[in-house]
Amino acid sequence: PTLFRSLQELGGKINLENQLQQIISNCQQKSPQTPGYLGGNIINILSQLKTDLTNYNFSYLTICQAYLQGVKLHQVNFTYSNLSKSIFSEPLGSILCVALSYDGKLWATGDADKNIYIWRVADGQFITNCLGHTNWVRSLIFHPQKPILISSSNDSTVKLWNIDTGECLATLEGHIDHVWSIALSPDGNILASGSDDCTVRLWDFNSHQCLHILQKHCSWVRSVAFNTEGTKVATASVDKTVILWDVQSGEYLTTWQQLSHLIRAIAFSPDGETLATGSDDQLVRLLDIQTGECLKTFSGHNGRVWSVGFSPDGKILASGSADQTVKLWNIETGKLLLTLPEQNRRVRSITFSRDGNTLISGSDDQSVRLWDVPKGESLKTINGYTQRVWSVAFSPDGQTLVSGGDDRVVRLWNIETGNFKILGKHIKRIQSVAFHPQGTKIASGGNDGQIRLWDIATGKCSILSERHGDWIWLVAFYGEGTKLISAGDDGCIKLWDMNTNSCLQTFKDYPHWMWWVAVSPDNQNLAIASDGKLLQTWNIETGKLTDIGEHQDKLRQVAWSSNGKIIASASDDLTVKLWNANTGECLHTLAKYTKQIRAMEFSPNSNLIATGGDDCTIKLWDVSSGRLWQTLTGHENTIRSVAFSADGSMLASGSEDETIKLWNTQTGNCIKTLKAKRLYEGMNITGATGLTEGQKKTLLTLGAII
Numbered sequence: 027p028t029l030f031r032s033l034q035e036l037g038g039k040i041n042l043e044n045q046l047q048q049i050i051s052n053c054q055q056k057s058p059q060t061p062g063y064l065g066g067n068i069i070n071i072l073s074q075l076k077t078d079l080t081n082y083n084f085s086y087l088t089i090c091q092a093y094l095q096g097v098k099l100h101q102v103n104f105t106y107s108n109l110s111k112s113i114f115s116e117p118l119g120s121i122l123c124v125a126l127s128y129d130g131k132l133w134a135t136g137d138a139d140k141n142i143y144i145w146r147v148a149d150g151q152f153i154t155n156c157l158g159h160t161n162w163v164r165s166l167i168f169h170p171q172k173p174i175l176i177s178s179s180n181d182s183t184v185k186l187w188n189i190d191t192g193e194c195l196a197t198l199e200g201h202i203d204h205v206w207s208i209a210l211s212p213d214g215n216i217l218a219s220g221s222d223d224c225t226v227r228l229w230d231f232n233s234h235q236c237l238h239i240l241q242k243h244c245s246w247v248r249s250v251a252f253n254t255e256g257t258k259v260a261t262a263s264v265d266k267t268v269i270l271w272d273v274q275s276g277e278y279l280t281t282w283q284q285l286s287h288l289i290r291a292i293a294f295s296p297d298g299e300t301l302a303t304g305s306d307d308q309l310v311r312l313l314d315i316q317t318g319e320c321l322k323t324f325s326g327h328n329g330r331v332w333s334v335g336f337s338p339d340g341k342i343l344a345s346g347s348a349d350q351t352v353k354l355w356n357i358e359t360g361k362l363l364l365t366l367p368e369q370n371r372r373v374r375s376i377t378f379s380r381d382g383n384t385l386i387s388g389s390d391d392q393s394v395r396l397w398d399v400p401k402g403e404s405l406k407t408i409n410g411y412t413q414r415v416w417s418v419a420f421s422p423d424g425q426t427l428v429s430g431g432d433d434r435v436v437r438l439w440n441i442e443t444g445n446f447k448i449l450g451k452h453i454k455r456i457q458s459v460a461f462h463p464q465g466t467k468i469a470s471g472g473n474d475g476q477i478r479l480w481d482i483a484t485g486k487c488s489i490l491s492e493r494h495g496d497w498i499w500l501v502a503f504y505g506e507g508t509k510l511i512s513a514g515d516d517g518c519i520k521l522w523d524m525n526t527n528s529c530l531q532t533f534k535d536y537p538h539w540m541w542w543v544a545v546s547p548d549n550q551n552l553a554i555a556s557d558g559k560l561l562q563t564w565n566i567e568t569g570k571l572t573d574i575g576e577h578q579d580k581l582r583q584v585a586w587s588s589n590g591k592i593i594a595s596a597s598d599d600l601t602v603k604l605w606n607a608n609t610g611e612c613l614h615t616l617a618k619y620t621k622q623i624r625a626m627e628f629s630p631n632s633n634l635i636a637t638g639g640d641d642c643t644i645k646l647w648d649v650s651s652g653r654l655w656q657t658l659t660g661h662e663n664t665i666r667s668v669a670f671s672a673d674g675s676m677l678a679s680g681s682e683d684e685t686i687k688l689w690n691t692q693t694g695n696c697i698k699t700l701k702a703k704r705l706y707e708g709m710n711i712t713g714a715t716g717l718t719e720g721q722k723k724t725l726l727t728l729g730a731i732i
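Laid out in structure tokens, this is it:
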């Protein structure tokens, strides 16, 4: 209301902006800096006005409590300004795990960008980061007595960090696959780690030696937890069981078989009498620790339950879900006490403070929230900002490229000039973009479950009415553009009529978690990459599944050659296999990989196949011989997408390093690098005060200069 009155009194936005700039100029002429909140208030008002702040001069000002998360500050001058208590965006990826220190003074986040950040609870200031993991950070714990943070990662390791310096103190090696979960015994002496190698390891925290390897699960271990006495450890697996083990001997005690859905999270109650589980059937359960009997079922979530945790007094159970909420439950009555309106994406991790008054939650929307539990109010929010590129696609004429990624923006790039225009935005990350074969439309799908169609000439956006229940990771036109296929984390594949924008068919109940699908050139079959290790095709008309061939580990990617003769599959066994689509014969195994393959596409003439992934390189393979033709280097982070131009002369690659590179497929040379300006590109903080060294580092990452 105050801002609205100011706009009316001063004759509109431009006049108000001019008045504020004059106040800034007057303040800069005073010496020394005037203390107070005037500078911060002015920037906050300009931000609310959505003023373009490019080249604004805020030098030599006191700018206290400016809220600058998500605000573009290109070439803004903050030299010798006092930026105390101002809040900036952080270069956070999707938050996969959070932890609170035992004294409640620090919290830590682990994300999909391989980073660990440590923050001060009192004012939300960033303290330091811990760099060393080479893949997603899955789990975090503060040691109860020592200034040490423990982490686990998809890089198969567990690491110990000095929380003051960020220095890596030790790396525990032994697992051979992703380490999803870690837990520390109450006395801090024993560490448990659960992995996709189907084992649980118990480590001596002080000597770093592995004491026991617990082997009973027949699939990936997703969660581990100690009881209050530290005598037992519970483990939950994708095999839909919870197993109880004796810590001292490492012996197996008992197995509790759960329902038909996998368990993602477990937690012991403070009294050690019950175990809470969160699972894919959207339910939270309380199990009797003696019998395994289900004592209570908490229903109310509308998505997979990713995290559960008890308050220290054992009266409240919290659960975080893919439905974007945190729910607080009364343990005694089983009733829902409160729903905390959460982030814009699935809630991955939650934890209580030791006094039970504060809850911290981390989400895929790159945000962390601190909650006042008694009041159900948000105390503090830290928002991350990245511009990782998840998907690229060429226009049919090869003159334009479309991209989508973390910043939720659909960009159209001019290949010749390197300039772009923005078509519009999704609510959440964009995971897939596709050009219509006639070049008139673009389809985009993302983590909001929506498919958007963009008219290139007018920029008009239409949203398909029937949405997916979870992330969409694929949209693709087929049938000469008359149809669209979409697939997502809800386990559904949808086929759409592009004349009516209606859903023709929904495939669901595939027996394994799907990672990617590809449509055959004759539009009759789908090739499916899944956790099942087996490459299969699914007939669109009959629903018949046909086995093609098998890998040693889960399949991540699949592609169909344009002539329909060959299917390529990429697996976590670090191979790409080329299969005869009709006979299932394995034609070639491409095996020069050291890390996961994330992207794959055949050239238009089917002579080449391009692959990219976690090793930051693109490999071009000759399809007929199976030989590696070229390795393209230049990206500095995981490659998420590759796309050939229609004539096959050019390859585009989109990466988590926030760039798109264009390559000549004959020479292997990088023709051009496309990159949007970072949030704080050219922002000058030379001599600025009120910033921690950690904050300065993150601002530099987002484009600031000193």
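Residue numbering for the sequence shown follows my numbering, starting at 27 and increasing by one per position.
Using N, Cα and C, we set each Cβ at its ideal position, and we do this for glycine too.
Integer-rounded CB distance, given that residue j should sit under 8 Å from residue i
i, j, result
"Gln59", "Leu87", "7 Å"
"Arg372", "Trp397", "At roughly 17 Å, the Cβ-Cβ gap does not stay under 8 Å, so Arg372 and Trp397 are not in contact."
"Phe420", "Phe461", "7 Å"
"Ser491", "Leu479", "Contact doesn't hold; Cβ gap of about 12 Å is too wide."
"Asp535", "Gly514", "Actually they are not in contact, since the Cβ atoms of Asp535 and Gly514 sit about 14 Å apart, beyond 8 Å."
"Ser179", "Val163", "5 Å"
"Asp230", "Cys244", "With a Cβ gap of about 27 Å, Asp230 and Cys244 do not count as contacting."
"Asp579", "Ser556", "11 Å between Cβ atoms; not a contact."
"Gly382", "Val399", "6 Å"
Length of the line joining the Cα atoms of residue i and residue j
i, j, result
"Gly200", "Leu521", "44 Å"
"Ser158", "Thr532", "Reading off the sequence shown, one finds Gly at residue 158, where the question assumed Ser. The alpha-carbon atoms of Gly158 and Thr532 are separated by roughly 43 Å."
"Leu438", "Thr426", "7 Å"
"Trp206", "Ala138", "13 Å"
"Gln74", "Gln91", "15 Å"
"Leu364", "Val352", "8 Å"
"Ile731", "Ile448", "26 Å"
"Leu385", "Pro367", "13 Å"
"Asn589", "Lys701", "34 Å"
"Cys518", "Asp573", "20 Å"
"Ile50", "Gly66", "11 Å"
Backbone secondary structure at residue i - three-state DSSP
i, result
"Lys322", "strand"
"Cys90", "coil"
"Ile482", "coil"
"Cys529", "strand"
"Thr197", "strand"
"Gly40", "In the sequence as presented, Gly is not what sits at residue 40; that position holds Ile. Here Ile40 sits in helix by DSSP."
"Asn232", "coil"
"Ser73", "helix"
"Glu719", "helix"
"Leu122", "strand"
"Asn141", "coil"
"Cys487", "strand"
"Ile4", "Coverage of the chain is limited to positions 27 through 732, which leaves residue 4 absent and any answer about it impossible."
"Ser51", "helix"
"Gln622", "coil"
"Thr281", "strand"
Nearest residue (CA-CA) to residue i, options the options
i, options, result
"Trp187", "Ile216, Pro212, Ile144 and Thr160", "Ile144"
"Ala544", "Gly694, Leu385, Asp648 and Gln583", "Gln583"
"Cys612", "Tyr619, Asp599, Ala594 and Asp598", "Ala594"
"Asp213", "His238, Ser178, Gln171 and Glu193", "Gln171"
"Ala669", "Ala348, Glu403, Glu627 and Lys591", "Glu627"
"Lys451", "Arg434, Lys131 and Thr443", "Arg434"
"Ser429", "Leu616, Thr620, Lys687 and Leu312", "Lys687"
"Thr407", "Gly65, Glu116 and Ala251", "Glu116"
"Pro147", "Pro422, Ser177, Trp133 and Lys140", "Note on residue identity: the sequence assigns Val, not Pro, to residue 147. When each option's Cα is compared against that of Val147, the closest is Trp133."
Practice problem: Would you check if there are 3 or more beta carbon pairs closer than 8 Å linking the stretch 111-130 to the stretch 76-86? | Solution: no
- Query: Counting pairs of Cβ atoms below 8 Å between the stretch 264-275 and the stretch 326-336, do you hit three or more?
  - Reply: no
Could you tell me whether the stretch 445-458 touches the stretch 416-436, using the rule of 3 or more Cβ pairs below 8 Å?
-> yes
Worksheet item: Counting pairs of beta carbons, one from the stretch 655-675 and one from the stretch 637-646, are three or more of them closer than 8 Å?
Response: yes
Item checked: Sufficient close CB pairs (3 or more, under 8 Å) joining the stretch 464-479 to the stretch 497-515 -> yes
Using 8 Å as the threshold, is the stretch 88-101 in touch with the stretch 355-362, meaning 3 or more CB pairs across them? no
Validate contact between the stretch 689-699 and the stretch 643-663 using beta carbons, cut 8 Å, 3 pairs | yes
Are at least three pairs of beta-carbons, each pair with one atom in the stretch 63-73 and one in the stretch 681-688, less than 8 Å apart? no
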